[in-house]
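S.K.: Below: one structure in structure tokens.
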Ligand SMILES: NC(=O)c1ccc[n+]([C@@H]2O[C@H](COP(=O)([O-])OP(=O)(O)OC[C@H]3O[C@@H](n4cnc5c(N)ncnc54)[C@H](OP(=O)(O)O)[C@@H]3O)[C@@H](O)[C@H]2O)c1
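In the working numbering, the protein residues as written are 536 to 790.
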């Protein structure tokens with residue numbers, strides 16, 4: 536499939552899905568900007584891409600800082616203009632249970648997964664709108680369909696992200712800007728390696744990256760994978776509490 540992008544900005548590109556997507560797009564000839572807080576890591580990832588013949592820059596950015604995110608996008612534009620793809624990937628998820636709500640973690644989850652995503656999108660949009668060209672991608676999760684009992688915050692932010700992307704999708708088409716929601720099941724990354732919960736049908740990073748890459752190139756509006764987990768979650772999404780709660784409680788007891 537033909538890759539038509541010139542420059543992709545990827546937030547949370549120091550590890551996991553973001554890092555893998557940066558590599559994948561760079562290998563297809565796209566200029567990539569890797570954004571995250573850990574400068575040493577993004578710099579070494581960008582260097583590896585350049586050593587392999589690709590074009591990449593690393594810009595330190597905490598997406599919870601509105602001004603820093605705006606500046607990082609401006610800097611990218613100066614170096615690699617025009618930005619025609621943004622992958623809002625930076626994410627944070629840790630266990631938070633109702634009986635002992637860790638407010639610091641809860642706030643951080645909302646700041647990174649929702650505000651951070653919106654800050655990065657808001658920073659690229661004016662230019663995309665002016666040029667009537669662009670693609671916004673948000674990395675959501677199967678946790679967006681129903682709440683995982685020990686993942687307060689995470690489930691809520693991913694459900695909110697789906698709604699925000701949907702609102703954008705049905706406005707931005709007027710300026711020829713596409714919006715894609717990637718709704719992923721479990722993928723082996725630093726985040727899931729740390730999460731001490733059952734992870735049925737967990738995928739390895741490389742095949743999962745290929746699927747996300749394909750969905751972006753196809754400009755899918757909503758792509759949920761892997762298929763079996765996606766169908767289960769879709770079905771769970773419409774279950775009444777009488778059906779869903781026993782399943783949620785069994786999962787909770789296992790984690
Ligand atoms: N792995 C899965 O099973 C799975 C499933 C569905 C959805 N997702 C989503 O996929 C995305 C990537 O997660 P991952 O699994 O690849 O985990 P990961 O390896 O832990 O990557 C998370 C990335 O987010 C960045 N990040 C966190 N806080 C940030 C902040 N304040 N500012 C900028 N960057 C920040 C981290 O970089 P720094 O620490 O360097 O800032 C890191 O690069 C997340 O949105 C996650 O919710 C993952």
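Note that the Cβ used here is the ideal one computed from N, Cα and C, for glycine as well.
1. Keeping to the same chain, check which residues put their C-beta closer than 7 Å to that of residue 594; ignore five residues upstream and five downstream.
2. With distances taken between CB atoms, is the gap from residue 546 to residue 648 smaller than 8 Å?
3. Quick check: the Cα distance between residue 559 and residue 549, rounded to an integer number of angstroms?
4. With a 10 Å radius around its C-beta and 16 neighbouring C-beta atoms as the bar for buried, classify residue 760 as buried or exposed.
5. Between which two residues does the beta strand (DSSP E) harbouring residue 682 extend?
6. Should residue 683 go down as buried or exposed, given a rule of 16 or more other Cβ atoms within 10 Å for buried?
7. For the structure I just gave you, are there three or more beta carbon pairs, one from the segment 626-637 and one from the segment 575-589, closer than 8 Å?
8. Can you give the Cα-Cα distance for residue 735 and residue 701, rounded to whole angstroms?
9. May I ask you to report which of helix, strand or coil DSSP gives residue 595?
10. What residues match up with residue 543 in a beta bridge as DSSP calls it?
11. Just to confirm, is the Cβ distance from residue 744 to residue 556 under 8 Å?
12. Determine the contact status of residue 679 and residue 660, defining contact as a CB-CB distance below 8 Å.
13. Which residues in the same chain as residue 772 place their Cβ atom closer than 8 Å to its Cβ, once the five residues preceding and following it in sequence are excluded?
14. For residue 709, tell me which candidate among 566, 664, 638 and 742 has the shortest Cα-Cα distance.
M.R.: The relevant details are as follows:
1. 568, 570, 607, 610 and 611
2. no
3. 14 Å
4. buried
5. Looking at the DSSP string, residue 682 is not in any beta strand (DSSP E), and its letter there is neither H nor E.
6. buried
7. no
8. 27 Å
9. strand
10. 567 and 620
11. yes
12. no
13. 680 and 681
14. 664
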